[in-house]
Amino acid sequence: MSEISAGQVKELREMTGLGMMECKKALTESGGDLRKAEEILRIRSGARASKAAGRIASEGVIGAWLAPDARLGALVELNCETDFVAKNEVFLAFARALAETAAKSNAADVAALGALPMDGATVEARRQALVQKIGENISIRRLQRLQTGARLAQYVHGARIGVLVEYEGADDVGKDLAMHVAFARPAYLTKAEVPAQIVAREREILQARANESGKPPEIVARMVEGGLKKFLGEITLLGQPFVKDDKQSVEKMLAARKSRVLGYRFLVLGEGLAKRSAD
């Protein structure tokens with residue numbers, strides 16, 4: 016059997032992203048055949064990824080990418096099992112590459128993103144290789160993408176909250192809007208976007224509460240309308256008190272700065288996921 020050279024190991028590492036010893040072992044098993052060695056590692060990578068997939072992955076990061084012209088951007092939630100891995104530079108680099116791939120490809124969902132090419136393989140193959148290398152379950156959970164003829168601002172808070180805002184105005188307006196969204200996490204942009212059934216349910220709750228007050232009908236009606244106005248202000252971006260000056264709403268802040276918000280997207284790490292618990 017021919018001796019495995021350092022150059023062969025290096026080439027296989029570049030192809031698969033796996034460790035030196037794993038690559039050398041695969042090359043030895045394949046008799047130095049690079050393609051067979053790659054197949055061996057892919058099979059093992061897939062097997063380990065499958066085994067790890069049952070473990071909860073609620074840590075991780077929000078990968079973010081924004082085009083130099085600030086007209087195209089994306090956010091991707093990449094999960095792992097421990098905070099330690101979430102700080103791993105290889106893991107972080109993969110998250111950034113995912114966001115760039117998602118933005119440039121206009122992938123409709125995670126499944127479509129997984130099938131896209133990345134560094135000579137597919138995104139899914141790269142994910143499996145990362146599972147093999149790190150030894151934790153790693154999953155691509157969600158993505159958000161924005162493209163505009165206006166401008167985009169991006170803000171990432173501690174790698175755990177990622178925001179994209181589509182707006183018209185100065186740079187500082189976009190930054191302020193993105194930071195506000197990260198803090199307040201509005202469910203809707205405007206009151207008009209709030210579904211009618213949500214408004215109706217809140218009105219029913221407010222009505223029942225006001226009726227218990229025993230006040231005259233005209234006072235009850237004002238109480239209900241006031242409560243509904245407050246509720247809509249709390250859940251809509253334009254209606255929320257601006258995070259840097261809660262004496263004015265975001266809508267009034269934008270008007271004062273002759274700016275406009277057109278849309279936004281955000282991801283919060285682990286939102287809705289079960290958390291790991293220690294024995």
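Offset between the sequence shown (1-based) and this note's numbering: plus 15. Backbone N, C-alpha and C fix where the C-beta goes; we use that ideal spot for every residue, glycine too. No experiment lies behind these values; they were computed from the predicted model shown.
{"Item": "Only counting runs of 4 or more residues, tell me where the alpha helix (DSSP H) segments fall wholly within the stretch 125-203, in order along the chain.", "Value": "125-129, 138-149, 186-199"}
{"Item": "Pick from T163, D191, D48: whose alpha carbon is nearest that of H295?", "Value": "Past the edges of the chain, shown from 16 to 294, lies residue 295, and the structure says nothing about it."}
{"Item": "Taking the C-alpha atoms as reference points, what is the distance between A82 and N121?", "Value": "13 Å"}
{"Item": "By the 10 Å Cβ neighbour count, where 16 or more other Cβ atoms means buried, how is G229 classified, buried or exposed?", "Value": "exposed"}
{"Item": "By the DSSP assignment, the alpha helix (DSSP H) with S45 in it spans what residues?", "Value": "Unbroken run through S45: none, as it is neither H nor E."}
{"Item": "What residues are listed by DSSP as bridge partners for A79?", "Value": "L90"}
{"Item": "Considering only the alpha carbon of each residue, which of R237, E219, L179, V235 lies closest to A85?", "Value": "L179"}
{"Item": "Which of the three DSSP states, helix, strand or coil, is assigned to M16?", "Value": "Low confidence applies to M16: its pLDDT is 48, below 50, so where it sits in the model is not reliable enough to give any reading."}
{"Item": "Which whole-angstrom value describes the C-beta separation of G88 and L167, a residue pair presumed to lie in contact below a C-beta threshold of 8 Å?", "Value": "5 Å"}
{"Item": "Check each candidate in Y203, R218, G285 and name the one with the smallest Cα separation from Q255.", "Value": "Y203"}
{"Item": "What would DSSP say about G242, mapped onto helix, strand or coil?", "Value": "helix"}
{"Item": "Which first and last residues belong to the beta strand (DSSP E) in which Q263 is found?", "Value": "260-264"}
{"Item": "For the alpha helix (DSSP H) that contains L113, what are its first and last residues?", "Value": "104-120"}
{"Item": "For the stretch 215-226 against the stretch 235-242, do three or more pairs of beta-carbon atoms, one drawn from each stretch, fall closer than 8 Å, so that the two count as touching?", "Value": "yes"}
{"Item": "Between which residues of its own chain and G241 is the CB-CB distance below 7 Å, once the five residues before and five after are set aside?", "Value": "none"}
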